[in-house]
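Notes follow once the structure below has been shown.
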Amino acid sequence: MPKTSERLLKVPPYLFEEIDRKKREAQARGVDIINLGIGDPDQPTPAYIVEAMQKAVADSETHNYPSSSGEPEFQAAVARWYKQRFGVTLDAGKETTALIGSKEGLAHVCLAYIDKGDVSLVPSPSYPVYKMWTLMAGGEPYLLPLTAGNNFLPDLASIPDRVIKRAKLLFLNYPNNPTGAVCSPDFLKDAVAFALKNDLLIIYDNAYCDMVFDGYEAPSILQFPGAKDCALEFTSLSKGYNMTGWRIGMAAGNARAISALRVIKSNADSGQFKAIQQAAIAGLDNSSNIGSLNAMYTRRRDVLWNGLKSMGCNMPAPKATFYFWVPVPRGYDSTSFSALLLDECGIVSVPGTGYGEAGEGYVRLAITVDEKRLAEAVERMRAKKIQF
Ligand code: PMP
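Under the numbering used here, the first residue of the sequence shown carries the number 95, and numbering increases by one thereafter.
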């Protein structure tokens, strides 16, 4: 056997594989696990989308190779969705592409832009894919700390000139995983101005734009003047439509960036099954399920937030995403508190450090179980006298 690549040595095992292993070990010991680990919706895909899929799969027209950038009908549905949802006009053929889940696009866009020695500006903590694929492409991630003190927004003005000169990509993600934070329109306006001034491409990860509470509406970065000259936005049906297993997402924005991403994609994948694209069109054209889903998450959020608050936790209630970014109690770090939750309470969490060093001092909890189980999780913590 030959040696694996140097590239592989830079990349630790994928975060959730490790957590899954620990969870299975606990289950094997007979522990009744409450899994607040991975951000995977527990509800089924809406029936009208499943029905659209059933119809499409029976049509032999869907059975051959799709185009890697999506069928024209899918691209047109993406453009319709952008218009209706955000008031953004897109040239469907040039400014959109289908993705096999937004993770695929976020990975491949790094190959399209990053060479050895190039820099990506990557928030820390953040979804691990930005950093890992910068490394896999031979580039260097420059980490932008997100802290409670800066409302989990990167301080772009603090990036040294020598770093900005080598930087090509700026990753931003609001509503944010793992912190649950949202950003203001002014922040996005400033980010666009910063990218235009410094010749950067913003990779705007809007995977959680559907998952919003308390009347908050998540914007698209493409709503802001100039964004089409410097931004590519990644969205997905995974979270708003309970479709994580279907693997369908999209990128939209700067036409040259779309075309660069398509070059990588066409050489790496042969697109998503046309029947899945048809089902996704049904979802994009009818988002009536999202309100009731968010009402459900709001109820869950309130159960967990009130429970944590009663134990002294002072984090704000998340306005978006199904994540709680919980400061660990005094005397613990991310790893030891996560271990305590699993060993003493049977609760799976993710240590904040899994999202970067700046995640130290936090664990992430996902409200992907029903209200009763969340209340049970709170009870178990209370029974162990956990005090934040
Ligand atoms: N971005 C963020 C911030 C995420 O948390 C995830 C999934 N957890 C993704 C992108 C990828 O989602 P998908 O590939 O299912 O579209």
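Virtual Cβ for every residue (Gly too), placed ideally from N, Cα, C.
Check, Outcome
"Using only CA atoms, which one of D464, L193, D185 lies nearest to S526?", "Missing from the structure shown is residue 526; the chain here goes from 95 to 482 and no further."
"To which residues of the same chain is L240 closer than 8 Å at the C-beta, ignoring the five residues directly before and after it?", "P217, S218, P219, S220, F246, L247, P248, N270, T273, A275, A452"
"Please report the residue range of the beta strand (DSSP E) in which P279 lies.", "Segment 279 to 292 is the alpha helix (DSSP H) holding P279; no beta strand (DSSP E) there."
"Three-state secondary structure (DSSP) at Y417?", "strand"
"I want to check one thing, is the minimum distance from the CB of S278 to the heavy atoms of the ligand PMP below 7 Å?", "no"
"Could you round the C-beta distance between L346 and V203 to whole angstroms and report it? I think they count as a contact, below 8 Å.", "Checking the sequence, you will find Ala at residue 346 rather than Leu. With 8 Å as the limit, A346 and V203 do not qualify as a contact, their Cβ atoms being about 12 Å apart."
"Should A122 be flagged as near chain C, meaning a C-beta pair shorter than 8 Å?", "The structure shown contains no chain C; it is built from a single protein chain."
"With a threshold of 8 Å, are at least 3 pairs of Cβ atoms found where one atom belongs to the segment 370 to 377 and the other to the segment 438 to 450?", "no"
"How about V463 and L250: are their beta carbons less than 8 Å apart?", "no"
"So, using beta-carbon positions, are G199 and F328 closer together than 8 Å?", "yes"
"Exposed or buried, T183, counting other C-beta atoms within 10 Å across all chains shown (16 or more means buried)?", "exposed"
"Going by C-alpha distance, which of L237, K177, D308, N348 is nearest G320?", "N348"
"With a threshold of 16 other CB atoms inside 10 Å of the CB of Q169, please say whether the residue is buried or exposed.", "buried"
"Exposed or buried, which one is R115 when buried takes at least 16 other CB atoms within 10 Å?", "exposed"
"Which residue marks the beginning of the alpha helix (DSSP H) containing G385, and which one marks its end?", "384 to 404"
"Helix, strand or coil: which one does DSSP assign to K359?", "helix"
"Could you pull out every residue in the same chain whose Cβ sits closer than 6 Å to the Cβ of G365, ignoring the five residues on either side in sequence?", "P160, S161, S162"
"Using the beta-carbon count (16 or more within 10 Å), is E189 buried or exposed?", "buried"
"Please go through the same chain and pick out, in chain order, the residues whose beta-carbon is closer than 6 Å to the beta-carbon of S360, but skip the five residues on each side of it.", "S162"
"If we ignore side chains and look at the alpha-carbon of each, how far apart do Q148 and A460 end up?", "31 Å"
"Should L103 go down as buried or exposed, given a rule of 16 or more other Cβ atoms within 10 Å for buried?", "exposed"
"So for N300, helix, strand or coil by DSSP?", "coil"
"Does any heavy atom of the ligand PMP sit closer than 7 Å to the C-beta of G377?", "no"
"Report the residue from Y224, D284, M230 whose alpha carbon sits nearest the alpha carbon of L263.", "Y224"
"Which same chain residues end up closer than 7 Å to D134 when comparing Cβ atoms and leaving out the 5 residues on each side of it in sequence?", "T338, T462"
"Do the CB positions of G401 and F482 come within less than 8 Å of each other?", "no"
"Please determine whether the Cβ atom of A301 lies at a distance below 7 Å from any heavy atom of the ligand PMP.", "yes"
"Assuming D379 contacts R174 (C-beta within less than 8 Å), just tell me the rounded distance between them.", "7 Å"
"On the DSSP letters alone, give me the boundaries of the beta strand (DSSP E) that R260 sits inside.", "It is not in any beta strand (DSSP E) - R260 instead sits in the alpha helix (DSSP H) that spans 255 to 260."
"Using the Cα positions of D209 and M95, report the straight-line distance between them to the nearest angstrom.", "28 Å"
"Taking 7 Å as the line, does the beta carbon of N336 fall inside it for any heavy atom of the ligand PMP?", "no"
"Using the three-state DSSP reduction, which class does M95 fall into: helix, strand or coil?", "coil"
"Using a Cβ-based criterion (distance less than 7 Å to any ligand heavy atom), does Y298 qualify as near the ligand ZN?", "The ligand ZN is absent from the structure shown, which contains only the ligand PMP."
"The beta strand (DSSP E) spanning V216 covers which residue range?", "213 to 218"
"Quick test of your reading: A369 and A231, contact by CB under 8 Å. State the CB separation rounded to the nearest angstrom.", "At roughly 32 Å, the Cβ-Cβ gap does not stay under 8 Å, so A369 and A231 are not in contact."
"With M230 as the anchor, note down where its alpha helix (DSSP H) starts and where it stops.", "223 to 230"
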